[in-house]
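Since the structure comes first, as structure tokens, the remarks are kept for the end.
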Amino acid sequence: MGNYKIAVMEGDGIGPEIVRETIKVLNAVHSIVEGLHLEFRYFPVGLAGYESKGSTLPNETIEGLKNCHAGILGPVTTHIYETTDPNMINPSGALRKKFDLYANIRPAKNYVGVNTRYENVDLVIVRENTEGMYSDRNLYFGSGEFMPDPDTVLSLRVVTRKASERLAKVGFELANTRRKSVTLVHKMNVLRKGCGLFYDSCKSVGSEYKDVSIRDYHVDAFALYLVQKPEVFDVVVTTNMFGDILSDQAAGLVGGLGLAPGLNLGDHFMIAQATHGSAPDIAGKNIANPVAEILSAKMMLEWLGIRNNDQSALDAALLIQKAVEEAFKQNLKTPDLGGSLSTDQYGDSLVKELEKLVLQKQ
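Numbering (this note's numbering), first residue to last: 727 to 1088.
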């Protein structure tokens, strides 16, 4: 295929800065990799969308995404959105629900040149993305949180067999290409019905993958083992909230959220989105780390390549991965990782690494 329309949504805070560098890198591989053609279409979300269109997720953005193959989303500052304003919704959660992006894939990997307490960490958390405890996506209409009186809040948790099975399939398919090990994380000893359904659904799917080993842990025990022996884990499949928390913990093992990419994956669409937030305290200072967003876009290319049997997209993804690794080996880092490069200097450095890699192949 090789021809992709990519929706670009810059988001809030540092979003425009890190997305800009991501597009810089994608433009570089677009120029370098034969057969790859990327067309970028920009759409407003977040505060920019609210100011220009009256909504943090304007209808024109939703309609625009329907005509694209994938999207790139910067972080959004949802904690300052006015909760009583129906036009100030969380774009991230709404997009996941609207486009049925049911699997949130979040890798955590050590890099040579990034000092951490751990070595040989290389795991992927596959998190359910459309239900669970998150009140903005677990009902067809309305919120999953209720206040029967001013001093009481009830929160609804949703677990379905369909969502659990399709998530598990993504996890097991991914494990088949890696170290062939899946860890299921739940809290079945307390949440017997919900986590029980999740566990049974995942085990049922796992039975079809004879070469993949399966183990499971309660979430509290897994949190302990993730700190004690993270290198033993390969693919971790879990529910929405557990995955959200554990993926941040995993990022802390390998250098922080600045190295924590993510991909929201559905059957017909995907959105690349770094795990971290919008960091409004450093917005506009040109010091934000764009690596997580860049690696999220790399994951997007990887999955586009897999789904479309497109070697050009796979080649571009591999080039970006190698360029990031080479940059770290040369101590090319932003201040959060102990380096001295600004956001745009890092992007420029990565483009140079891409060009050097291509020259080495010739």
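Virtual Cβ for every residue (Gly too), placed ideally from N, Cα, C. Remember, it's a predicted structure, so these values are computed and weren't measured experimentally.
Nearest residue (CA-CA) to residue i, options the options
| i | options | result |
| --- | --- | --- |
| Ile997 | Gln1037, Ile788, Phe867 and Leu849 | Ile788 |
| Gly790 | Val771, Glu899 and Leu882 | Val771 |
| Asp793 | Asn816, Glu765, Ala774 and Met814 | A quick correction: the sequence has Asn, not Asp, at residue 793. If we check each option's Cα against that of Asn793, Glu765 comes out closest. |
| Thr782 | Gln1037, Asp811, Lys835 and Ser1022 | Asp811 |
| Ile1032 | Tyr925, Leu882, Gly737 and Thr903 | Thr903 |
| Asp826 | Gly868, Leu983, His994 and Gly739 | His994 |
| Leu882 | Met859, Asp848, Ala1005 and Val838 | Met859 |
| Ala977 | Tyr837, Glu871, Asn1057 and Asp942 | Tyr837 |
| Leu773 | Lys1048, Val958, Ser1004 and Ala1049 | Ser1004 |
| Lys1087 | Glu747, Gly737, Lys731 and Val759 | Val759 |
| Thr809 | Leu910, Tyr730, Met967 and Gly868 | Gly868 |
| Tyr844 | Lys1048, Leu979, Ser930 and Leu1030 | Leu979 |
| Gly741 | Glu777, Gly1010, Lys1048 and Ala1049 | Gly1010 |
| Tyr730 | Gln954, Pro956, Glu777 and Gly797 | Gly797 |
Contacting residues, own chain, Cβ-Cβ under 6 Å from residue i (five flanking each side not counted)
| i | result |
| --- | --- |
| Thr1060 | Asn1015, Leu1067 and Tyr1072 |
| Ala1043 | Lys1024, Leu1027 and Glu1028 |
| Ile940 | Val908 and Gly932 |
| Asp937 | Lys906 |
| Glu857 | Asn864, Val884 and Ala889 |
| Leu1137 | Only positions 727 to 1088 of the chain appear in this structure, which leaves residue 1137 out of reach. |
| Gly819 | Asp862 and Arg863 |
| Leu880 | Phe872 |
| Tyr807 | Met814 |
| Asp848 | Lys835 |
Alpha carbon of residue i to alpha carbon of residue j, nearest angstrom
| i | j | result |
| --- | --- | --- |
| His795 | Lys1024 | 15 Å |
| Thr803 | Ala1000 | 14 Å |
| Gly992 | Thr842 | 33 Å |
| Lys779 | Glu786 | 9 Å |
| Leu972 | Asp960 | 14 Å |
| Leu1085 | Glu1019 | 25 Å |
| Ala1039 | Val850 | 21 Å |
| Val852 | Asn1035 | 22 Å |
| Lys1082 | Val734 | 27 Å |
| Pro876 | Thr965 | 30 Å |
| Gly839 | Lys1055 | 5 Å |
| Tyr935 | Phe898 | 7 Å |
| Ile831 | Leu1021 | 12 Å |
| Leu893 | Gln975 | 21 Å |
| Thr878 | Lys919 | 24 Å |
| Ile749 | Gln1037 | 20 Å |
| Leu752 | Glu1051 | 16 Å |
| Val958 | Ala834 | 13 Å |
| His944 | His805 | 30 Å |
| Asn816 | Lys823 | 11 Å |
| Ser930 | Phe948 | 21 Å |
Exposure label - residue i; buried when at least 16 CB within 10 Å
| i | result |
| --- | --- |
| Tyr768 | exposed |
| Tyr866 | exposed |
| Asp1007 | exposed |
| Met873 | exposed |
| Ala829 | buried |
| Leu950 | exposed |
| Ser927 | buried |
| Asn855 | buried |
| Gly739 | buried |
| Asp970 | buried |
Beta-carbon contacts of residue i that lie in its chain and below 7 Å, excluding the five residues immediately before and after
| i | result |
| --- | --- |
| Val755 | Leu762, Ala1042, Leu1045, Ile1046 and Leu1080 |
| Ala1053 | Ser1075, Leu1076 and Glu1079 |
| His1002 | Pro801, Leu983, Gly984, Ala986 and Ala1018 |
| Pro784 | Pro770 and Gly775 |
| Phe924 | Val885, Ser890, His912 and Thr965 |
| Val896 | Ala829, Val852 and Leu991 |
| Leu900 | Val850, Val852 and Val961 |
| Gly1065 | Asn1057, Leu1058 and Lys1059 |
| Leu989 | Ile831, Met996, Ala998, Ser1022, Met1025, Met1026 and Trp1029 |
Chain-order list of residues whose beta-carbon lies under 8 Å from that of residue i (same chain, five-residue window excluded)
| i | result |
| --- | --- |
| Asn1012 | Glu743, Ser1068, Thr1069 and Asp1070 |
| Gly921 | Looking at the sequence shown, residue 921 is not Gly but Cys. For Cys921, where only same-chain residues beyond five positions count, the Cβ hits under 8 Å are Val885, His912, Lys913, Met914 and Thr965. |
| Leu952 | Phe959, Leu972, Gln975, Ala976 and Leu979 |
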